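Undergrad:
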Amino acid sequence: MLEIKRLSAWYGQHKALDDVTLNVGRGEVVSVLGANGAGKSTLLKSVAGLMPVSVDSRIELNGLRLNDLSDFERVEAGIALVPEGRGVFGELTVRENLYLGAYPARARASEHDNLKRVLELFPRLHERLRQAVKTMSGGEQQMVAIGRALMSHPDILLLDEPSLGLSPLMVSELFKALQRVRQAGVTILMVEQNARRSLKLSDRAYLVEQGRIAGSGVAVDLLHDPSVQKAYLGG
Ligand code: ATP
5 MLEIKRLSAW
15 YGQHKALDDV
25 TLNVGRGEVV
35 SVLGANGAGK
45 STLLKSVAGL
55 MPVSVDSRIE
65 LNGLRLNDLS
75 DFERVEAGIA
85 LVPEGRGVFG
95 ELTVRENLYL
105 GAYPARARAS
115 EHDNLKRVLE
125 LFPRLHERLR
135 QAVKTMSGGE
145 QQMVAIGRAL
155 MSHPDILLLD
165 EPSLGLSPLM
175 VSELFKALQR
185 VRQAGVTILM
195 VEQNARRSLK
205 LSDRAYLVEQ
215 GRIAGSGVAV
225 DLLHDPSVQK
235 AYLGG
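Numbering of the sequence shown is given in the numbering used here, commencing with residue 5 and proceeding in unit increments.
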C-alpha cells in the first residue's frame with residue numbers, strides 16, 4: 005500500500021531524515037517510535053506533501069508515485085494526515101468540522117455514508133454534533149480531528165502524536181477509539197510518544213534515531229525486547 009524508499013529531507017542544512025525505507029501494508033497499523041527530534045513528524049509531513057524531499061526518493065501509494073503531487077492531490081490519492089495539534093476549527097461545530105473533511109472529490113459521493121461510519125466509530129461525537137469544537141475536551145477534539153480525516157475516505161491515515169497533551173483517562177478512551185478504527189480495516193501509520201500503547205495497537209513498528217531507521221519488527225516482539233524496553237518504553 006504505502007512504500008517509502010531512500011527518503012531524505014532537510015530543514016536548511018539540517019538533515020532531518022536520512023535514507024528512510026519503510027512500508028505499510030493494506031489494513032496494517034504501523035507505529036514509528038523515536039525520541040523528540042528523531043524525525044517522526046518530518047516523515048509524516050513528507051508523505052503528506054508538506055515537505056520537500058530528496059529527488060531520488062520514492063513515496064508510493066498503491067503503486068502511484070506521490071513525489072510530484074501537491075498536498076491536495078495526495079489527499080485525492082488517499083492520504084489523510086491528522087497533524088500534531090489537530091488543526092480543528094474551534095468556532096465551528098463538530099458537524100461542520102467533519103464536513104470540511106469531505107471536500108475531496110473521492111469522498112463527496114459517499115459523504116453521508118462516511119459520516120455514518122465516523123459517528124459509529126466515535127459515538128461521543130454523535131451526541132455532540134452541534135457543539136462548538138472549542139468547548140470540547142482535548143480528547144474529544146482529537147476524535148474530531150481523526151473523524152474529519154476519515155471523512156475523506158482515505159486509504160491510509162497518518163496520525164502525528166494523537167495522545168499528546170491528553171489526560172490519562174482521555175488517552176485510554178482515544179486508544180479504544182483507535183482500536184475500533186483499526187477493526188474497521190483502516191490502514192494507519194502513526195507517530196506516538198506513548199510507545200507502549202502504540203505498540204499494543206500496532207502490527208509492526210519502526211524505530212527512528214536521528215533521522216535514520218534504527219530497527220523494525222513485529223509490535224509484540226518489540227514490546228518484549230529488553231533493549232527496546234530500555235530505550236523506548238522507560239525500562
Ligand atoms: P517531536 O516528537 O519532538 O515532535 P520528531 O521526531 O517529530 O520530534 P521532527 O519534528 O520531525 O521530530 O524534527 C526532526 C528534526 O528537525 C529536529 O532536530 C527538529 O529540531 C528539526 N526541525 C523540525 N522542524 C523544523 C523546522 N521547521 N525548521 C528547522 N528545523 C526543524
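Glycine residues also receive a C-beta, built at the ideal position from the N, C-alpha and C atoms. Owing to the predicted nature of the structure, the values given are computational and were not obtained by experimental measurement.
Pull up the CB-CB distance for A235 and S220, whole angstroms please, since I reckon it's below 8 Å.
TA: By one-based count along the sequence shown, residue 235 stands at place 231. By one-based count along the sequence shown, residue 220 stands at place 216. No, A235 and S220 are not in contact; Cβ-Cβ is about 14 Å, not under 8 Å.
Undergrad: Within a Cβ cutoff of 8 Å, which residues of the same chain sit near A111, ignoring the five residues on either side of it in sequence?
TA: One-based indexing of the sequence shown puts residue 111 at position 107. Within the same chain, A111 has close Cβ partners G105, N118, M155, S156 and H157.
Undergrad: Helix, strand or coil for R201 per DSSP?
TA: Working through the sequence shown from its first residue, we reach residue 201 at position 197. If DSSP states are grouped into helix, strand and coil, R201 belongs with the helices.
Undergrad: Under three-state DSSP, which class holds L194?
TA: In the sequence shown, the residue the question calls residue 194 occupies position 190. Here residue 194 turns out to be Met, not Leu, going by the sequence shown. Of the three classes helix, strand and coil, the one that applies to M194 here is strand, per DSSP.
Undergrad: Which class does E165 belong to by DSSP, given the choice of helix, strand or coil?
TA: Residue 165 sits at position 161 when you count from the first residue of the sequence shown. Here E165 sits in coil by DSSP.
Undergrad: Any contact between the stretch 54-69 and the stretch 133-141? By contact I mean 3 or more CB pairs, one from each, below 8 Å.
TA: Touching, no, given that fewer than three Cβ pairs across the two stretches are closer than 8 Å.
Undergrad: Residue range of the alpha helix (DSSP H) that Y15 falls in?
TA: Looking up residue 15 in the sequence shown gives position 11. Careful: Y15 lies outside any alpha helix (DSSP H), inside the beta strand (DSSP E) at L6 to Y15.
Undergrad: So if DSSP puts N27 in a beta bridge, which residue, or which two residues, is it bridged to?
TA: Here residue 27 refers to the residue found at position 23 of the sequence shown. According to DSSP, which records beta bridges pairwise, N27 is partnered with E7.
Undergrad: Can you say whether Q76 is buried or exposed, counting buried as having 16 or more other CB atoms within 10 angstroms of its CB?
TA: Within the sequence shown, the letter at position 72 stands for residue 76. Reading off the sequence shown, one finds Phe at residue 76, where the question assumed Gln. Result: exposed.
Undergrad: When you measure from the CB of V122 to every non-hydrogen atom of the ligand ATP, does any distance come out below 7 Å?
TA: Taking the first residue of the sequence shown as position 1, residue 122 is located at position 118. Every heavy atom of the ligand ATP is 7 Å or more from the Cβ of V122, so no.
Undergrad: Under a three-way DSSP split, which group does E64 fall into?
TA: Along the sequence shown, read from residue 1 onward, the residue named residue 64 stands at position 60. If DSSP states are grouped into helix, strand and coil, E64 belongs with the strands.
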